[in-house]
Amino acid sequence: MSTRLTNSEPAEQIVPFSALNALEYCPRRFYYEYVQGEMLVNALVLEGQLLHQRVDQPGLLTEKGVERIHRLYLCSERLSTAGYLDLLEEETGKLLPVEYKRGKEGRWLNDHIQLCAQALCLEEHLPHLAPLTHGSRWPRTL
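Count the sequence shown with this note's numbering and you get residues 510 to 651, in order.
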């Protein structure tokens with residue numbers, strides 16, 4: 510986690526979106542990764558990191574009336590959370606945050622919590638737009 514310092518105010522912890530995901534998925538894993546700073550890198554983690562390099566190229570693309578912003582940094586001082594959103598789509602004034610994940614959607618809420626935190630950050634900075642649309646798509650593979 511990073512610390513944000515301002516003039517004479519106490520240090521404020523900024524919690525990464527990925528930390529919210531890890532805490533919900535496995536509190537023990539969260540402790541090792543975000544408290545101890547030890548990341549277990551196995552074959553699946555390494556594969557995910559390599560695949561993410563492909564989709565993590567920042568940029569804006571427009572295709573068939575849909576704007577796509579890849580790797581968008583979001584931060585909420587109100588929620589004390591920040592991180593990168595894989596993809597933000599905009600079509601007819603509606604925003605759709607997209608988080609890429611490897612494999613099938615499981616029974617856990619960790620990915621949904623991460624996506625929800627990202628949507629709340631969008632809503633905080635763009636209150637005039639609806640950050641989520643009903644029936645949001647959830648791309649699962651990189």
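By construction, the Cβ of each residue, glycine as well, lies at the ideal position given by its N, Cα and C atoms.
- Looking at the DSSP output, E599 sits in a beta bridge with E576, L604.
- Inter-residue distance for Y540 and L532 is about 8 angstroms (C-alpha atoms, whole angstroms).
- Looking at K610, Y543, G546, E542, the one whose alpha-carbon comes closest to that of E556 is K610.
- The alpha-carbon of E608 is positioned some 7 angstroms away from that of L624.
- For the pair N619 and A626, the Cα-to-Cα distance works out to about 11 angstroms.
- Ranked by Cα distance from P636, the options I578, S585, Y534 are led by S585.
- Counting C-beta atoms within 10 angstroms of its own C-beta, L553 has fewer than 16 neighbours from the protein chains shown and is therefore classed as exposed.
- With 16 or more other CB atoms across the displayed protein chains lying within 10 angstroms of its CB, G592 is buried.
- Classified as buried, T590 has 16 or more neighbouring CB atoms from the shown chains inside 10 Å of its CB.
- Note on L549: under 16 other CB atoms within 10 angstroms of its CB, so exposed under the neighbour-count rule.
- Considering only Y582, L581, L597, L588, the residue with the shortest C-alpha distance to V575 is L597.
- The beta carbons of R577 and E599 sit closer together than 9 angstroms.
- Per DSSP, the continuous beta strand (DSSP E) segment holding E521 begins and ends at 521-525.
- Pairing R537 with S527, the inter-Cα distance amounts to about 14 angstroms.
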